[in-house]
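Protein chains in written order, with this note's numbering: chain L, 25 to 187; chain B, 2 to 715. The structure appears below as structure tokens.
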Amino acid sequence: MAKRRVVTTTINGRQTEFLCEPRQTLLEVLRDTLDLTGAKEGCANGNCGACTVLMNGRPVDSCLVLGVETEGAVLETIEGVAPVDGLDPIQQAFLENAALQCGICTPGFIMSCKSLLAENSDPTENDIRFYLAGNLCRCTGYDKIVRAVLDAAKKRNAEPAPA
Amino acid sequence: MAERKFAWPARAENTLIGKDIPRLDGVAKASGQAKYTADINTAGTLFAKLLTSTLAAGKIKKIDVDAAKKMPGVKAVHLFKKVGDDVRWEGELIVAIAAERAEQADDALKQVQVEYEVQPFFVDEANIVRAAQADRTKGLGKNAKGDVEAALKTAAVVHRGYYGVATISHMCLEPHGSHCEWKGDDLDVHLSTQNVSGTAGQFAEPLGIDAANVTVTSDYEGGGFGSKFQADEWGVACAKMAKEAGKPVRLMLDRATELKVGGTRPSGYVDVTIAANADGEVVAWDSIHWGTAGFGGGGVDVNQLPYPFDFPNRSAAQIGISCNSGPNRAWRAPPHPQLCAMTQTAMDDLAAKLKMGSYEFFKKNLKHTLQNKADVYAAEMEIAAKAIDWKAKWHPHGEGGKGPVKRGLGMALHRWGGGAGPCTCTIKVHPDGSVESFLGSQDIGTGTRTVIAITLAETFGLPLAGVKVNLGSSKYPPSGASGGSITVGGVCGAHRRAGQTALWQIFDKVAEKYKIESADSLVAKGGDILKGKEKVCTWKQACSLLGQMPLEVKGEGPKKDGLTADQVGGVQMVDLSVDTETGLVRIHKFVCVQDCGLILDELTARSQVLGALIMGIAYSLSEERIMDNKTGRYINADLQNYKLPRIGDVGELVAIMYQPDSEYDRGVVGLGEPPVIAPGAAISNAVANATGVRVPVLPFTPKRVLDALKGVHA
Ligand code: FES
Ligand code: FES
């Protein structure tokens, strides 16, 4: 059996080292080793988006990334989205628009949205539906998620840019 | 002077009830802090994995786990089957292994040797002729009234048709599973369940321990839809392996196994003869339907067909087919979606034959709906028609445009019970004015926490933050399972009763202290106790009169005191287009007008409706279990090939809550199930309207649509 490796990454702004088997996925490392259970496992094969995290700013299905592949990477998970004193406008918009029910898909959606709004601060409804096509939700009816993202974009654009 | 009787506040006085209130557990869910079952990771937790049958039918000749036991990291092995046992469908559980790491459990499973004696199987559930040849059919009864034969003879128009709905799975995004940990003789189970109060005994009995030694916890649940009421054999296995290993074990079903064993919704295929008089009133229904609920046979209940109509002359017969496929479980509103799709499609075709518009035809037949709801349906139809612009957009079937893309409208209606379920709760009003509640219920996305907090906060005149709701533990007072839309009525009725009882006791103390003649003249509002408009004291001052101990009051339900009711209905209309070259169906707008009595949180109510519509669109357009007749296997048991709609696949969804005062006055009725019922029929009718061709079987995949357009029989 291949040897365990030490991997050094930055997760949610903090340098983090972990030990992992070469075949362990990033999702397993996050959830089982680092107890960052916000990323969920819906399918383990890249079809549901529940495990979405940002790797070097880009959304990835963490069930399709090996832990060892993240050496030197900057990772962001749902646990790092909210500022200390409240919620990110995206999270707030999800709440206000009832864009979550059981909530198991929500962290994945929010991570994808974060990446969408970083790339495109004023997305159209079509842009949103295209960008979030990798995230599945069984409960909400999606419509509210689209409204939430439009709302979040509006709010973020209304806020003064950070100095 | 207010009389002391249980009642909801006058509608105009509400500050919280009926408003748009975001769900209270939203922050935990949106920030990743909410702990679902699979997130429980206590020190030393082992990972369990499953070996399942690759055969659809057989007898086990050999199971050898010796080599597996010796594999690195393996701590416990559980056998679901022994030599000589039958395997009845692909995916049946054979062996579970718990190891220190998930991949070690996988490696160990590869060392397990199982040999089968192969047996014949049958999975062709839509094919009644082949099922009969294979001796897999069983008559499941008949339900009849009036004289169908005579009515058919004198009817003005008779239509014969074939319709069907394929089997689907629940596909909860969080699969079934548990985390089990022993603490001495006590077992702690974190369970993904809709039934917190009812599952401790299901663990205790097979484990040979007292139910008192089991605690079942479920703080958050990633969907159940009717499939998660039981401890399940894999849950008990998890507890057994935890005992054997002396360590906590987590066993979540993998996606494929979830689909194969975690529950399905039975299929239904029907041959119908339906007839009307010249006015368009249905006078006769004659049907025979078949389908499967898995190995045990079964299917869609014959006693509820036609749905939700009771025509003067009717006869319905049912045949169950035993298939080598996983068992059914209650699927949101069982089995109304199938009943609706089997009935109202045939009705719509009859309307077309009569050259009547669907709207006029359904309206004409409202008098035959069950539960005396004709007036409510009529009002809902009007609202829905306006929202979708029915009058302007309607055209007779088959006149959906000249080009290859045809546009059409369809409608259907539904009913559901939704009466309050059993609930006991304990509320505590603390001397500092804080309020908390305890109950063994669950929040499966229902918004249970939120509606309870709204109920108590409104009762005590407090902000939502002044109330803490504790649920999700079997150690709390027992509350019913969340299924059948009975939770909101159940828990809110019990809490309103407990809240009012507590409030009256507090009013008595306030009256005594502040020398108010009648305690019944007091009201609690805005954090104060008022007499008329005058403030008597603050809520906190009132609660300080309790002394040192909190006031504890028990709430119970259901009761027939007007706080809750049952029977809801709704009307759905859809505007869609069909690409006759590709077979793709595209929803433009989907309107649901829904009644459900008194609405506690309108935001959550609309959210339930929209969520139900998407599930409806899923089983109407893309979602189905596909069994392979050659191998007996469930060949699309993954999230790539089991097609759920994605965010770009749905058009505009509109949820309109029908809520005149007459609805508020009925009290609370559940809402989770009903809006998922009508989409199948509504969408099917709209496709028929667009193209002039009835696609017989749902879901309308491009192939089924193209086949129907080409005249290929399904
Ligand atoms: S768990 Fe990674 S995409 Fe589904
Ligand atoms: S809220 Fe349940 S899966 Fe999206």
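Glycine included, C-beta positions come from ideal geometry on N, C-alpha and C. Since the model is a prediction, treat every value here as computed from it, not as a measurement.
| Asked | Found |
| --- | --- |
| For S685/B, the three-state DSSP class (helix, strand or coil) | helix |
| Given 8 Å, three or more beta-carbon pairs between the segment 271–291 of chain B and the segment 309–320 of chain B | yes |
| Contact under 7 Å by Cβ, L472/B with S519/B | no |
| Simplified DSSP assignment, three categories, for A142/L | helix |
| Chain-ordered residues of the segment 129–149 of chain L with a beta carbon less than 7 Å from chain B | C129, T130, P131 and I134 |
| Neighbour flag for R153/L against chain B, beta carbons, 7 Å | yes |
| Length-filtered (4 minimum) alpha helix (DSSP H) runs lying within the segment 211–285 of chain B | 233–246 and 256–262 |
| F118/L at chain B interface by Cβ criterion, 7 Å | yes |
| Residue of V696/B, R256/B and Q305/B minimising C-alpha distance to Q641/B | R256/B |
| Outcome for P405/B when other beta-carbon atoms lying within 10 angstroms are tallied against a minimum of 16 | exposed |
| Residues sharing a beta bridge with G261/L, DSSP | The question about residue 261/L has no answer, for chain L in this structure spans 25 to 187. |
| Buried/exposed call for A187/L, threshold 16 Cβ in 10 Å | For A187/L, the predicted structure reports a pLDDT of 49, less than 50, and the residue's modelled location is therefore unreliable. The matter cannot be settled from this model. |
| Three-state secondary structure (DSSP) of W90/B | coil |
| Whole-number beta carbon distance between Y659/B and K380/B, since they are thought to touch under 8 Å | Per the sequence shown, the amino acid found at residue 380/B is Ala instead of Lys. At roughly 7 Å, the Cβ-Cβ gap stays under 8 Å, so A380/B and Y659/B are in contact. |
| Simplified DSSP state of S623/B, which is helix, strand or coil | coil |
| C-beta contact flag for L614/B and C597/B at 7 Å | no |
| Under the three-state DSSP convention, the category K555/B falls into | strand |
| Simplified DSSP state of V66/B, which is helix, strand or coil | coil |
| Cβ pair I588/B, G490/B closer than 7 Å | no |
| Beta-carbon proximity list for I636/B, same chain, < 8 Å, skipping 5 on both sides | I627, M628, D629 and N642 |
| Contact set between the segment 39–63 of chain B and chain L, restricted to residues whose Cβ is under 9 Å from the partner | A39, D40, I41, N42, T46 and F48 |
| Proximal residues to K387/B (C-beta, below 6 Å), its chain only, five neighbours per side dropped | none |
| A257/B Cβ short of 6 Å to ligand 4 heavy atom set | Although ligand 4 was asked about, the structure shown includes only ligand 1 and ligand 2 as ligands. |
| Chain L contact residues for D639/B, given Cβ-Cβ distances below 9 Å | C67, N69 and N71 |
| D59/L at chain B interface by Cβ criterion, 7 Å | yes |
| Segments of 3+ residues assigned as beta strand (DSSP E) that fall wholly inside the segment 520–595 of chain B | 523–526, 529–532, 535–539, 552–558 and 569–580 |
| Three-way DSSP call (helix, strand, coil) for R38/L in this model | strand |
| T583/B: CB within 6 Å of a non-hydrogen atom of ligand 2 | no |
| Simplified DSSP assignment, three categories, for A201/B | helix |
| Continuous alpha helix (DSSP H) stretch holding N150/L: start and end | E149 to Y155 |
| Beta carbon proximity, T33/L to chain B, threshold 7 Å | no |
| Interface positions of the segment 577–599 of chain B facing chain L (Cβ-Cβ less than 8 Å), listed along the chain | none |
| Span separating the alpha-carbon of F296/B from that of G527/B | 58 Å |
| A29/B: CB within 6 Å of a non-hydrogen atom of ligand 1 | no |
| Cutoff 7 Å: G127/L Cβ touching any chain B Cβ | yes |
| Any non-hydrogen atom of ligand 1 within 6 Å of E65/L CB | yes |
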